[in-house]
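Visitor: Residue numbers (the numbering used here), protein chains in the order written: chain A, 1 to 553; chain B, 554 to 753. For glycine and all other residues, C-beta sits at the position ideal for the given N, C-alpha and C.
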Amino acid sequence: MPAFEFPGGIYPPERKARSNQSQLQVAPLPALVTLPLKQHAGNAATPCVAVGDSVKVGSLIAQRDGMISASLHASVSGTVTQISNTAITIEADGLDSWHTMPSLDWRIAAPATLLERLDSSGLTGLGGAGFPTYIKAQVAEHHAIDTLVVNAAECEPYITADDLTLRSYPADVLEGAQLIARLCGAQTIIIGIEDNKPEAISALEHALPQAQHPAAIVLKVIETRYPSGSERQLIKKVLNRDVPSGGLPADVGTLCHNPGTLLAALHAVRDGEPLVERIVTLTGEAVSTPGNYWIRLGTSVASLLNGVGLMSGQLHQVIVGGPMMGNPLATLDTPVTKTTNCLIAATLAELPPAPVESPCIRCGACESVCPAQLLPQQLHWYARAENDSTLETLNLFDCIECGACSFVCPSFIPLVEDYRLAKQRIRMKQIETAKSDHAKHRFEFRQARLAREDAEKQARRQARLAQTQKPSTSTADDHSTPEVDLRSLRIAQAAAKAAVKKAEKVLARAAEKDPKQRFDDLETQLATAQENLKAAEARLANARDNAIHKDTP
Amino acid sequence: MGDTFSWWGIVSAIGVLTGLGIIFGALLGMASERFKSEENPLVEQINALLPQTQCGQCGYPGCRPYAEAINQGDALNKCPPGGDATIHALADLLGREPAPLDGEAAIDDTVAFIREAECIGCTKCIQACPVDAIIGAAKQMHTVIEDECTGCDLCVAPCPVDCIDMLPRSKPLTQWQPLVSASGIIASDRPHARSAHARL
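1. For A:THR299 versus A:ALA27, is the C-beta distance shorter than 8 Å?
2. Going by the beta-carbon positions, is the gap between A:LYS576 and A:PRO198 smaller than 8 Å?
3. Chain B partners of A:ARG442, CB-CB under 7 Å?
4. If I measure Cβ to Cβ from B:CYS611 and keep anything under 6 Å in the same chain, skipping five residues before and after, which residues do I get?
5. Where do the ends of the alpha helix (DSSP H) carrying B:ASP706 lie?
6. For B:ALA749, I'd like the list of residues in its chain whose CB is within less than 6 Å of its CB, leaving aside the five on either flank, ordered along the chain.
7. Thinking A:ARG384 and A:ASP418 are a contact (beta carbons under 8 Å), I'd like their distance in whole angstroms, please.
8. Taking the alpha-carbon of A:LYS366 as reference, which of A:ALA503, A:ALA74, A:ALA186 and A:HIS380 has the nearest alpha-carbon?
9. For chain B, is any of its Cβ atoms less than 8 Å away from the one on A:ARG487?
10. Around the C-beta of A:TYR226, are 16 or more other C-beta atoms found within 10 angstroms, so that it is buried, or is it exposed?
11. Output, in chain order, the set of chain B residues within a Cβ distance shorter than 9 Å of A:SER202.
12. Below 8 Å between beta carbons is the criterion; list the residues of the region 624-641 of chain B that meet it against any residue of chain A, in chain order.
13. Return the chain-ordered list of same chain residues with a C-beta closer than 7 Å to the C-beta of A:ALA207, the five sequence neighbours on each side being excluded.
14. For A:LEU151, which residues does DSSP report across the bridge?
15. When you compare the CB of B:GLN598 with every CB in chain A, is at least one pair closer than 8 Å?
16. How would you list, in chain order, the residues of chain A whose beta-carbon sits under 7 Å from the beta-carbon of B:PRO604?
17. Decide if A:TRP106 is buried, meaning its Cβ has at least 16 other Cβ atoms within 10 Å, or exposed.
18. So, is A:MET325 buried or exposed, given that buried needs 16 or more other C-beta atoms within 10 angstroms?
19. When the Cα atoms are used, what is the spatial distance from B:GLY562 to B:GLY568?
20. Could you tell me the boundaries of the beta strand (DSSP E) in which A:TRP98 lies?
21. Closer than 7 Å by beta-carbon distance: list the chain A residues that pair up with B:ARG615, in chain order.
22. Which residue wins for smallest C-alpha separation from B:ILE717, given the options B:ARG649, B:CYS675, B:GLU657 and B:TYR613?
23. With distance defined between alpha-carbon atoms, name the residue in A:VAL149, A:ARG442 and A:ASN542 nearest to B:THR606.
24. Give me whichever residues DSSP pairs with B:ALA622 in a beta bridge.
25. Say whether chain B places a C-beta atom closer than 8 Å to the C-beta of A:ARG446.
26. With respect to the beta strand (DSSP E) encompassing B:ALA665, which residues constitute its N-terminal and C-terminal limits?
27. Would A:ALA62 count as contacting chain B if we go by Cβ distances under 8 Å?
28. Is A:ALA265 helix, strand or coil by DSSP?
29. Interface residues of chain A around B:GLN607 at Cβ under 7 Å?
30. Thinking A:VAL287 and A:VAL308 are a contact (beta carbons under 8 Å), I'd like their distance in whole angstroms, please.
31. Locate the alpha helix (DSSP H) running through A:ARG167, then write down its first and last residues.
32. What did DSSP end up calling A:ARG18 once you bin it into helix, strand or coil?
33. Since A:LEU123 contacts A:GLY176 with CB under 8 Å, what's their CB separation in whole angstroms?
34. Which complete beta strand (DSSP E) runs does the region 314-396 of chain A hold, if anything under 3 residues is left out?
35. Return the chain-ordered list of same chain residues with a C-beta closer than 7 Å to the C-beta of B:VAL684, the five sequence neighbours on each side being excluded.
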C-alpha cells in the first residue's frame, strides 16, 4: 500500500542524534515532588489526602473530578507536606515502597474492568494533549473503530522519547496496542513511524511476528517530514482518511495512541502500576550527558537538568516539548508532568531568539507549508485586527499550531502565537456569552415565577372576596374587578402552552443527541415556560370566575 | 385593428393580475399571521449584546427593558458592566455614534459574598437578587451561589446589617490567559523575548 500524502510540511534540522545515542536510563529518585492537580485536558483533580499523610508510590492522592479528568497518584513514597489549590507536594522518604493494584490479564478480563483500571490508574495521553485514556477507549460505544494507529512518528526535532521507548520495550508496546485495540474493537493496528528511526524499526520488526494476535499489526515506515506526527496528518498518511473539520479520528473509524501511552496502559493493567513515571528526553547543547530517562512525575526540572550536567553559564533557555510546539520555561522550579515529553536546555547559539518581526510581504510561503490547508496570511491579518467572526469562517480552529508557517516566514512573524492568542480570545468570549445567556434565562425564570405568584395571589384574593360577599348582594363586583378581556387571556394561555411544548421539544431533542450532557439552561427555559403557563391559567380562571359571578345575579 | 385591440384581452389581463394579487395577498397575510413572532427581533439582538448582569444601573429593571428602551431611541452608554466593548457593539448594530460610558466602569469581575456569621436571615437580599442566586429562608442563614451570581450588587443595599461584600471573582485555571503586552506599533520597540518560536 502506498503512503498517502498530507499537504504542506517542512524539513527542520532534526538534532535527534544528541539524545538517541545512549541507552534508556533511570533518573535518581527525587527528594521532593510537586504534583500539579491539572496535568491533563479537562477538570483539575480533587485532593483526597491531608497534609502529614504518609503515602506510598502509587497511592491515590487526588480523585478525578467529572468526566474529562484524571486521578493523580503519589510518585514517591513519603509524607504529604503541602496541598495548595494547584498542586500537592510530597517529601520522599527514600524507601520507594510501592502500592500496586492487583494484576489483570487483558486477554480475559471484562472490558468494563479494564476501563475501570485505566481510569483508576490516572492514565492520560503521554504525547502532548494529555487526554484521559479511559475516555478515549470508551469511544467504541458511539463509533465503530476498525483501526488503531500507533503514532510513533515523533516528528518534532530533538525529541527521542518514543524512539527509545520502542527500542527498549517493543514487545510491551505491541501488547499495550493489542490491549487498547481489544477495548475499542479495532481489528487492525497500524504503526506509523518515520524513517529516521532505523533502530526502533528493526526492534519492532523483531517483535512483530510474536504479537499478531488477536489484531493484525502492520508496520508503516513513512518519510520524515514535519508534522507527520500530528494525529490528522498521520491518519491521512497511513490510511488516506480525512478527519473532518471539528471532528475526531473516531469519526473516520480510527483511534490514535502514542507508544508511551500504550506502554503505560500495559503497566497499569498487567502490573497494576498507576501512572507515576514516564520517559522524558533531556537534551540540548547546555547539558553534558543528554539522553532519555525514566523520570518520576513531579520531579523538578532544575534537579533533573543538574543531574545530567547542566552548564548554567551557557544556558539560554529551557523549552518543554519540542522546539516547534513547545513552550519556554519561565523558571526551572517547574515539575515534570504527565505531558512533558522533552526538556531542551538550549544555548544561545543553538536556538537564537527570533529576529525582529518585519511586515508581511505576502510571499505565500506559509500557505504552501500549512498541513491543515488553511490560509495563514489571512488568519494573520484578521487575528491582529481581532476580527473574530472572519477568523472562524477561515477555520482558525482547524489550526494544529504546528509552527510550520512561523518556521518558513521570511519576515519572522510569530504567526502561531497570533493564532493561539486569537483562539484563547474566542474561547473566552464563548464562555462569557454562555454565562450571560445563563443569567438571562435565570432572570426570565424569576420574572415568570413572580408573575405566576402574583396571578395566584390575585386569584386567591378574588376567591376570598367572592366568599365573603356571596351571602350579601353581589353589587360590589363592578368596582372590585375591572372588565377583563377573556379572549386575549385565552390567547395568552394558548401561546404559553405552545411555548411549553416548544421548550419540551428542544430539550428532548438536545437530550437525545447527547444523553450524557447536562442541559441546565434548557431546563431553566422549560421551567420558565411552565411558570408562564401557570400564570396565564391562573389569570384566565380568575377572569372566568368573575364572568360567571357577573352573569349569575 | 380589431385583431390587436379587444376589450376581452384587457379585462382578462386585469382580472388575472387582480386574482394573482388577491391570492398572494392572502398567502402573505396567512404567513404573517401564522409565523408571527411576538418579540421584536431587533430588541432580541440588542439584548444579546448586553451583559445580562440585570444590575439596573441603566435605570431600567433588567437588561431586556433597557434593550427595549434602546430600540425606542434611548442612549447606548448606560451600561457600566458592559463597558466600552458593549457600547461599540451596540453602535455597530444600530448604526449610531458610540458615546463615552455614562457612569463608572466596572473595574473587576466581582461576586457577592455573605458573611454568614453576621447574617440575620431577613431574606431581603433574596428578594433583591434578579437571578435567584441567593439561597436561604426566613431566620435562616443565607448564602450566594457563586456560579449564578452576576455581580450586580443589588443585594448589598437592602441588607440591614451590611454583611454582604463584593469580592473579586476567582478565575478557574482553565480560563487562565497569558499576559500580553500591547505590542508596539514600531517593531523595533518591541521586547526581544519572543523565544517560544526561536529559530532552529
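Guide: So, from the data block:
1. Locating residue 299 of chain A in the first sequence gives position 299, counting from the first residue. Locating residue 27 of chain A in the first sequence gives position 27, counting from the first residue. Yes, the pair counts as a contact, with Cβ atoms nearer than the cut-off.
2. Because residue 576 of chain A is not part of the residues shown, which for chain A are 1 to 553, the question remains open.
3. Mapped onto the first sequence, residue 442 of chain A falls at position 442. Here the neighbours are VAL684, ASP685 and GLU701.
4. Here residue 611 of chain B corresponds to residue number 58 of the second sequence, with the count starting at 1. Cβ neighbours of B:CYS611 beyond the five flanking positions: TYR619, LYS631 and CYS632.
5. Position 153 of the second sequence, counted from the first residue, corresponds to residue 706 of chain B. Premise fails: B:ASP706 is in no alpha helix (DSSP H) and is neither H nor E.
6. By 1-based counting over the second sequence, the position of residue 749 of chain B is 196. The pLDDT assigned to B:ALA749 is 43, lower than 50, so where the model puts this residue is not dependable, and the model offers no usable value.
7. For the purposes of this step, residue 384 of chain A is identified with residue 384 of the first sequence, where counting begins at 1. For the purposes of this step, residue 418 of chain A is identified with residue 418 of the first sequence, where counting begins at 1. Right, their Cβ atoms sit about 6 Å apart.
8. The count along the first sequence starts at 1 and reaches residue 366 of chain A at position 366. Looking at the sequence provided, one finds Cys at residue 366 of chain A rather than Lys. Here the closest residue by C-alpha is A:HIS380.
9. Within the first sequence, the letter at position 487 stands for residue 487 of chain A. For A:ARG487, the answer is no, since every Cβ of chain B falls outside 8 Å of its Cβ.
10. As a first step, residue 226 of chain A must be located in the first sequence, where it is residue number 226. Its Cβ being crowded by 16 or more others within 10 Å, A:TYR226 is buried.
11. Your numbering for residue 202 of chain A matches position 202 in the first sequence. Ordered by position in chain B, no residue passes the 9 Å Cβ test against A:SER202, which lies about 28 Å from the chain.
12. none
13. As a first step, residue 207 of chain A is located in the first sequence; it is residue number 207 there, counting from the start. Excluding residues within five positions, the ones whose Cβ falls inside 7 Å are PRO170, ALA171 and LEU174.
14. Start at 1 with the first residue of the first sequence, and residue 151 of chain A comes out as number 151. Note on identity: in this sequence residue 151 of chain A is Asn, with Leu being the wrong assignment. A:GLY192.
15. As a working note, residue 598 of chain B is residue 45 in the second sequence. Answer no: the Cβ-Cβ gap between B:GLN598 and chain A never drops below 8 Å.
16. Numbered from its first residue, the second sequence carries residue 604 of chain B at position 51. Within chain A, the residues near B:PRO604 are SER436.
17. Walking along the first sequence from the start, residue 106 of chain A turns up at place 106. Buried.
18. As a working note, residue 325 of chain A is residue 325 in the first sequence. Buried is the call here.
19. Counting from 1 along the second sequence, the entry for residue 562 of chain B is found at position 9. Counting from 1 along the second sequence, the entry for residue 568 of chain B is found at position 15. Roughly 10 Å separates the two Cα atoms.
20. For the purposes of this step, residue 98 of chain A is taken as the residue at position 98 of the first sequence. Run containing A:TRP98: none; DSSP gives neither H nor E here.
21. Indexing the second sequence from 1 puts residue 615 of chain B at position 62. Correcting the residue identity first, residue 615 of chain B is Gly in this sequence and not Arg. Per Cβ cutoff of 7 Å: PHE443.
22. Looking up residue 717 of chain B in the second sequence gives position 164. With distances taken between Cα atoms, B:ILE717 lies closest to B:CYS675.
23. Against the second sequence, residue 606 of chain B aligns to sequence position 53. Minimum Cα distance to B:THR606 is reached at A:ARG442.
24. Counting from 1 along the second sequence, the entry for residue 622 of chain B is found at position 69. For B:ALA622, which the question treats as bridged, DSSP gives no partner whatsoever.
25. Numbered from 1 along the first sequence, position 446 holds the residue referred to as residue 446 of chain A. Yes, its Cβ sits closer than 8 Å to a Cβ of chain B.
26. As a first step, residue 665 of chain B is located in the second sequence; it is residue number 112 there, counting from the start. Looking at the DSSP string, the run of the beta strand (DSSP E) that includes B:ALA665 is 663-667.
27. As a first step, residue 62 of chain A is located in the first sequence; it is residue number 62 there, counting from the start. Chain B contact via Cβ: absent.
28. Here residue 265 of chain A refers to the residue found at position 265 when the first sequence is read from its first residue. Here A:ALA265 sits in helix by DSSP.
29. Indexing the second sequence from 1 puts residue 607 of chain B at position 54. Those are ALA439 and PHE443, listed as they occur along chain A.
30. As a first step, residue 287 of chain A must be located in the first sequence, where it is residue number 287. As a first step, residue 308 of chain A must be located in the first sequence, where it is residue number 308. Yes, they are in contact, since the Cβ atoms of A:VAL287 and A:VAL308 sit about 5 Å apart, within 8 Å.
31. Translated into positions along the first sequence, residue 167 of chain A becomes position 167. A:ARG167 -> alpha helix (DSSP H) spans 161-168.
32. Here residue 18 of chain A corresponds to residue number 18 of the first sequence, with the count starting at 1. Coil, per DSSP.
33. Counting from one through the first sequence, the residue named residue 123 of chain A turns up at place 123. Counting from one through the first sequence, the residue named residue 176 of chain A turns up at place 176. Their Cβ separation, rounded to whole angstroms, is 11 Å, which puts A:LEU123 and A:GLY176 out of contact at 8 Å.
34. 315-320 and 342-347
35. Sequence index remark: in the second sequence, residue 684 of chain B carries index 131 (1-based). Around B:VAL684: GLN607, GLU701 and THR703.
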